[in-house]
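**Q** Let me give you the structure first, and then I'll get to my questions.
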Amino acid sequence: MPLTLQSLSPLSAADLDAVRALASASPLVPRDGAVAASVAVAETSAPLTPALHESLDAYCMPRGIDWAILPAARKLADFKLVAMDMDSTLITIECIDEIADFCGLKAEVSAITEAAMRGEITDFNESLRRRVALLKGLDASVLDRVYADRLKLSPGAERMLEGVQAAGIRTLLVSGGFVHFTDQLKPRLGLDFTRANTLEIVDGKLTGNVVGEIVNADVKARTVREVCAQIGADPSQAIVMGDGSNDLKMMAIAGLSVAFRAKPVVRAQASVAFNHVGLDGLLELLK
8 MPLTLQSLSP LSAADLDAVR ALASASPLVP RDGAVAASVA VAETSAPLTP
58 ALHESLDAYC MPRGIDWAIL PAARKLADFK LVAMDMDSTL ITIECIDEIA
108 DFCGLKAEVS AITEAAMRGE ITDFNESLRR RVALLKGLDA SVLDRVYADR
158 LKLSPGAERM LEGVQAAGIR TLLVSGGFVH FTDQLKPRLG LDFTRANTLE
208 IVDGKLTGNV VGEIVNADVK ARTVREVCAQ IGADPSQAIV MGDGSNDLKM
258 MAIAGLSVAF RAKPVVRAQA SVAFNHVGLD GLLELLK
C-alpha cells in the first residue's frame, strides 16, 4: 500500500525514519518536483488499524506533516468527479457567520455553526433555520460585501482545480451554504455543477427564511449520486472533500474522501486528512 507524507516544511531524515518505523514501511523517498509541499513516498504492508492511525496522527500532527495510506495506488485518471463542500473547505470562511457579523450576531451564529459541524447538533435543517432566522431584516447587499471583502479561497484551491480540470475531471460544489456565493464561484473557477441553499429576499431584505429544500447531509450525498449518474460515473469514481459532519454521508459513498482542516469526527472517517497542506495536496497524493 502506498504511504505518502506531505509537509509545507522540509521533511527531515529523522521524520522519514520515524514514520517508516511506525508504518513498517520501506524507506521513504523524497519526491522531486513537488510544487507546494515537501513530499515523500514509500510502500507499506501494515494494515491501517485504529492504533496505527492514532500513532501516525500523534507523531505527524505536531510536526506539521500530513500522512496518507491508501489501499492501492491511485491516480487522477481513476476518477471522474471531484465534489467539494464550500464553507471552510473550498473557501476559508463560513459565509453565514460573516453575514451575521453585519448584524452583530456572529458569535451566536458561529456557536451554532460549530456545534453543527462537530456533529453535536444532529438536525442540520433546524440548525440552519435557527441561524438564518437571526438574519431577518438584514439588507441583502451584505451578501455582496461578504463575497467581495471576506470570501477567500482556501490554500491550493485554484491549483487543485486547475489540475483536476486539466485531467478531464468534472467538478461539483455542493454546499449547505448559499447560492449567492456558489453562483459567483461557478464561473470564476470554471466549476461544472453547484448546489446550495437559497435565502429568501423580499424588498431587498433577508426575511429570515430559506426557500426550497435544504441542502443537508442526505441531499449532498444524493446530489453526488445524481451528478455521477449524469456524467456516466460510479460514486466510486468520485473524490469528495469536506470539513464538517454534514459532509460525512457524501464522503462515505466516494471512492476517495478528503478531510480538509476538518473536525475530528470527519478526520476519523475520511480516507485522507489534509491538516497542514493545501487542497492541492490532492495532486501530489494522486500523482
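Adding 7 to a residue's 1-based position in the sequence shown gives its number in my numbering. Beta carbons: idealized from backbone N, C-alpha and C, even for Gly. Fair warning: this is a prediction, and the values are worked out from it, not measured in the lab.
#1: Using beta-carbon positions only, say whether residue 270 and residue 251 come within less than 7 Å of one another.
#2: With distance defined between alpha-carbon atoms, name the residue in 138, 249, 156, 33 nearest to residue 89.
#3: Have a look at 8, 112, 169, 116 and flag the residue whose alpha-carbon is nearest the alpha-carbon of residue 133.
#4: Evaluate contact between the region 93 to 103 and the region 174 to 182, counting only Cβ atoms and requiring at least three cross-stretch pairs below 8 Å.
#5: Taking contact to mean 3 or more Cβ pairs, one atom from each stretch, closer than 8 Å, check whether the region 68 to 80 and the region 210 to 230 are in contact.
#6: Can you tell me whether DSSP reads residue 301 as helix, strand or coil?
#7: May I have a chain-ordered list of the alpha helix (DSSP H) segments no shorter than 4 residues that lie completely inside the region 218 to 277?
#8: Does residue 131 come out as helix, strand or coil in the three-state DSSP assignment?
#9: Give the C-beta separation of residue 264 and residue 284 to the nearest angstrom, bearing in mind that I take them to be a contact with Cβ-Cβ under 8 Å.
#10: Report yes if the CB atom of residue 137 is closer than 7 Å to the CB atom of residue 119, and no otherwise.
#11: Whole alpha helix (DSSP H) runs in the region 13 to 71 with 4 or more residues, listed along the chain?
#12: According to DSSP, is residue 284 helix, strand or coil?
#13: What number of angstroms, rounded off, separates the C-alpha of residue 193 from the C-alpha of residue 141?
#14: In angstroms, rounded to a whole number, what distance separates the CA positions of residue 10 and residue 58?
#15: Looking at the unbroken beta strand (DSSP E) that takes in residue 117, where does it start and where does it end?
#16: Under the rule that 16 or more other beta-carbon atoms within 10 Å means buried, what is residue 5, buried or exposed?
#17: I need the straight-line Cα distance from residue 68 to residue 282, nearest angstrom please.
#18: Between which two residues does the alpha helix (DSSP H) holding residue 178 run?
#19: Going by DSSP in three states, residue 101 sits in which element: helix, strand or coil?
#20: Would you please state the rounded distance, in angstroms, between the beta carbons of residue 291 and residue 41? I believe it to be under 8 Å.
#21: Would you say residue 29 faces chain B, with C-beta separation under 7 Å as the test?
#22: Strictly by DSSP, which residues pair up with residue 204?
#23: For residue 211, I'd like the list of residues in its chain whose CB is within less than 6 Å of its CB, leaving aside the five on either flank, ordered along the chain.
#24: By the three-class DSSP mapping on this structure, what secondary structure does residue 167 have?
**A** Reading from the atomic positions:
#1: Mapped onto the sequence shown, residue 270 falls at position 263. Mapped onto the sequence shown, residue 251 falls at position 244. Taking 7 Å as the Cβ cut-off, residue 270 and residue 251 qualify as a contacting pair.
#2: Counting from one through the sequence shown, the residue named residue 89 turns up at place 82. When each option's Cα is compared against that of residue 89, the closest is 249.
#3: Position 126 of the sequence shown, counted from the first residue, corresponds to residue 133. The shortest C-alpha separation from residue 133 is found at 116.
#4: Taking a contact to require three or more Cβ pairs closer than 8 Å, the region 93 to 103 and the region 174 to 182 qualify as touching.
#5: Taking 8 Å as the limit for Cβ pairs, the verdict is that the region 210 to 230 does not touch the region 68 to 80.
#6: Residue coverage of the chain in this structure runs from 8 to 294, which leaves residue 301 outside it and unanswerable.
#7: Secondary structure in the region 218 to 277: the alpha helix (DSSP H) runs of 4 residues or longer, each lying completely within the stretch, are 224 to 237, 255 to 259, 271 to 276 in chain order.
#8: Walking along the sequence shown from the start, residue 131 turns up at place 124. Note: residue 131 maps to helix in three-state DSSP.
#9: Position 257 of the sequence shown, counted from the first residue, corresponds to residue 264. Position 277 of the sequence shown, counted from the first residue, corresponds to residue 284. At roughly 16 Å, the Cβ-Cβ gap does not stay under 8 Å, so residue 264 and residue 284 are not in contact.
#10: For the purposes of this step, residue 137 is taken as the residue at position 130 of the sequence shown. For the purposes of this step, residue 119 is taken as the residue at position 112 of the sequence shown. Cβ distance < 7 Å, so residue 137 and residue 119 count as in contact.
#11: Counting only runs of 4 or more, we get 20 to 30, 57 to 67.
#12: Here residue 284 is taken as the residue at index 277 of the sequence shown, counted from 1. Secondary structure of residue 284 (DSSP, three-state): coil.
#13: Here residue 193 refers to the residue found at position 186 of the sequence shown. Here residue 141 refers to the residue found at position 134 of the sequence shown. Going by the C-alpha atoms only, they are around 28 Å apart.
#14: For the purposes of this step, residue 10 is taken as the residue at position 3 of the sequence shown. For the purposes of this step, residue 58 is taken as the residue at position 51 of the sequence shown. Rounded to the nearest whole angstrom, the CA to CA distance from residue 10 to residue 58 is 16 Å.
#15: Stepping through the sequence shown from its first residue, residue 117 is reached at position 110. Where residue 117 is concerned, there is no enclosing beta strand (DSSP E), although the alpha helix (DSSP H) it sits in stretches over 113 to 124.
#16: As displayed, the chain neither begins before 8 nor continues past 294, which places residue 5 out of reach and without an answer.
#17: Numbered from its first residue, the sequence shown carries residue 68 at position 61. Numbered from its first residue, the sequence shown carries residue 282 at position 275. About 8 Å.
#18: If you number the sequence shown from 1, residue 178 lands on position 171. Segment 177 to 185 is the beta strand (DSSP E) holding residue 178; no alpha helix (DSSP H) there.
#19: As a first step, residue 101 must be located in the sequence shown, where it is residue number 94. Per DSSP, reduced to three states, the secondary structure at residue 101 is coil, with no helix or strand assignment.
#20: Translated into positions along the sequence shown, residue 291 becomes position 284. Translated into positions along the sequence shown, residue 41 becomes position 34. Indeed, because the Cβ distance is near 6 Å, the residues count as touching under 8 Å.
#21: The structure shown contains no chain B; it holds only a single protein chain.
#22: As a working note, residue 204 is residue 197 in the sequence shown. According to DSSP, which records beta bridges pairwise, residue 204 is partnered with 185.
#23: Here residue 211 is taken as the residue at index 204 of the sequence shown, counted from 1. Closer than 6 Å at the Cβ level, and outside the excluded window around residue 211, lie 147.
#24: Against the sequence shown, residue 167 aligns to sequence position 160. Residue state, collapsed to three classes: helix.
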